[in-house]
Amino acid sequence: MATRKAAFKRPAVRHEVPEGSAPEPADDSLEALREAAKGCKRCDLWRIGTQTVFGEGPAKARIMVVGEQPGDQEDLAGRPFVGPSGRLFDQALEELGVDRRQVYVTNAVKHFKFTPRGKVRLHQSPNPAEQRACRYWLDGERERLHPEVIVCLGAIASKAVFGSKFGLMRQRGEWQALPDGGKGFATVHPSWVLRQRGSEERERAFRGFVADLALLTELDA
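Residue numbering for the sequence shown follows full-length UniProt numbering, beginning at 1 and increasing consecutively.
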């Protein structure tokens, strides 16, 4: 009896992403953008980061929060705002009665930049070229979400959204109009609050942080 010839299966081809580029999203969805970002090589940070840390939250969120870059815990977990800064941010939202589950959170830079020091990974700020390279993903998130409000945490996030001339400490806690018809404001990054020395200084910084975020309570229900 003749044996049946097995059907030929063409082996899957893995297309290597060239240096300085990234995969094209398969479609216009937020999920396709997230999937494409996993293979990003638009700058060199992909070499040191454990993984791309993309934004997360409802696709129809009214509020979009932009931080600076993932931290150590975010890099390992693959999720934004899960470390000490994220927990402080959650505490501030809880005080204001804002449901974190209804907020989309992301970062201006999607890979963790650090310097190894023994077993510790010390945070390093992304340089201007790295920030520009990652703007593609942040712009893509904004285009797909169309949030009513964008909240920027820290100088890197603020300049990515409001422009290079934006002065964080001078303009924090003030509404800014955006070209797409939305609006936003900036405040300090939670890590800045955590870095304050002494309990009184940290409490004062946290109160100022909450006061800035209180602009969110002005939104219509």
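Even for Gly, the Cβ is constructed at its ideal location relative to N, Cα and C.
None of the values given here were measured: they were computed from a predicted structure.
Is it buried or exposed, residue i, if we count other Cβ atoms within 10 angstroms and call 16 or more buried?
i	result
Leu219	exposed
Gln102	exposed
Ala37	buried
Quick one: what's got a C-beta closer than 8 Å to residue i's C-beta in the same chain, skipping five residues either side?
i	result
Leu213	Ala92, Leu93, Leu96, Val98, Val151 and Thr187
Ile156	Glu68, Gln69, Ala108, Val109, Ser125, Pro126 and Gln131
Going by beta carbon distance, what residues of the same chain come within less than 7 Å of residue i, once the five residues before and after it are set aside?
i	result
Gln176	Phe162, Lys183, Gly184 and Phe185
Val193	Leu88, Arg202, Ala205, Phe206 and Phe209
Gly49	Asp75, His111 and Phe112
Could you name the residues of the same chain whose beta carbon sits closer than 6 Å to that of residue i, not counting the 5 residues immediately before and after it, in chain order?
i	result
residue 309	Within the shown structure, residues of the chain are numbered from 1 to 221, placing residue 309 beyond reach of any answer.
Glu19	Lys41
Do you know offhand how far residue i's Cα is from residue j's?
i	j	result
Leu88	Ala133	28 Å
His146	Lys60	8 Å
Glu148	Pro58	13 Å
Pro80	Met169	24 Å
Leu45	His111	6 Å
Using CA atoms only, rank isn't needed, just tell me which of the options is closest to residue i.
i	options	result
Asn127	Leu76, Lys165, Trp137 and Glu68	Glu68
Leu178	Val53, Tyr136, Arg142 and Val82	Arg142
Lys119	Gly173, Cys43 and Asp72	Asp72
residue 225	Thr106, Ala129, Arg100 and Ile63	With the chain represented from 1 up to 221, any question about residue 225 goes unanswered, as that position is not in the structure.
Ser191	Gly167, Asp139, Gly181 and Pro84	Pro84
In this structure, how does DSSP classify residue i when only helix, strand and coil are distinguished?
i	result
Phe81	coil
Ala108	coil
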